[in-house]
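In this text, residue positions in the sequence shown follow UniProt numbering: the first is 1, and each later residue adds one.
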Amino acid sequence: MNAANMIRLIIDSRLENVSLVGGAVRGIADTLCMDSTTSYQLELCIVEAVNNNIKHAYHCKAGHSVEIDILLYPNRLTFKIYNKGERMNPAKVAPFSFDPSNVETLPEGGMGLYILHALMDEVHYETINGQNILTLVKYLKS
1 MNAANMIRLI IDSRLENVSL VGGAVRGIAD TLCMDSTTSY QLELCIVEAV NNNIKHAYHC
61 KAGHSVEIDI LLYPNRLTFK IYNKGERMNP AKVAPFSFDP SNVETLPEGG MGLYILHALM
121 DEVHYETING QNILTLVKYL KS
């Protein structure tokens with residue numbers, strides 16, 4: 001099924017550019033009349049994913065592109081985040097675990113993938129011809 005609408009954002013791999021992506025996602029969520037919780041969660045996930053692209057694929061080095069395709073389908077919003085940096089090895093990502101009754105065990109970092117899987121409806125990662133692609137899907141409520 002072809003997307004009804006698509007927006008492509010391209011930013012340089014500098015962390016200060018991530019807020020631009022967050023603002024765009026917030027604007028799209030507002031246009032789609034998403035409730036404030038869903039809108040916040042969507043922005044959080046996309047900002048976290050783009051941050052991770054810059055930090056882990058490009059090691060916070062400027063001068064590289066991070067591309068974000070935002071595709072609107074009748075029943076879902078799909079984000080495809082592209083980079084040509086270091087490939088993520090999902091097997092090397094430490095499993096996220098903590099004791100919810102003990103706040104002291106909550107880690108300060110390493111929660112990104114956990115957040116994405118908890119808040120998005122679908123999360124896929126693949127590398128095709130040297131390009132890393134993270135796909136995040138949020139189904140729209142009728």
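The beta carbon of each residue, even a glycine, is placed where N, CA and C say it ideally should be.
Output the distance between the C-alpha atoms of residue i and residue j, rounded to the nearest integer angstrom.
{"i": "G130", "j": "A57", "result": "12 Å"}
{"i": "L113", "j": "S19", "result": "19 Å"}
{"i": "L42", "j": "N51", "result": "14 Å"}
{"i": "G63", "j": "I115", "result": "28 Å"}
{"i": "L134", "j": "N102", "result": "32 Å"}
Hey, out of the options, whose CA is closest to residue i's CA?
{"i": "E126", "options": "K141, E104 and K80", "result": "K80"}
{"i": "C45", "options": "H117, I128 and I133", "result": "H117"}
{"i": "I54", "options": "G23, M34, R87 and G27", "result": "R87"}
{"i": "M111", "options": "V66, A49 and D12", "result": "A49"}
{"i": "I28", "options": "R8, N2 and K61", "result": "R8"}
{"i": "A24", "options": "S36, V47, E122 and E104", "result": "V47"}
Indicate whether residue i and residue j have their beta-carbon atoms separated by less than 8 Å.
{"i": "L72", "j": "K138", "result": "no"}
{"i": "N132", "j": "G85", "result": "yes"}
{"i": "L120", "j": "L136", "result": "It is worth fixing the name first, because residue 120 is Met in this sequence and not Leu. Yes."}
{"i": "V66", "j": "N83", "result": "yes"}
{"i": "C60", "j": "L32", "result": "no"}
For residue i, I'd like the list of residues in its chain whose CB is within less than 8 Å of its CB, leaving aside the five on either flank, ordered along the chain.
{"i": "M6", "result": "D69, I70, L71 and L72"}
{"i": "R26", "result": "S39 and E43"}
{"i": "A4", "result": "L72, Y73 and P74"}
Classify residue i as helix, strand or coil using the three-state DSSP reduction.
{"i": "S36", "result": "helix"}
{"i": "S65", "result": "strand"}
{"i": "K80", "result": "strand"}
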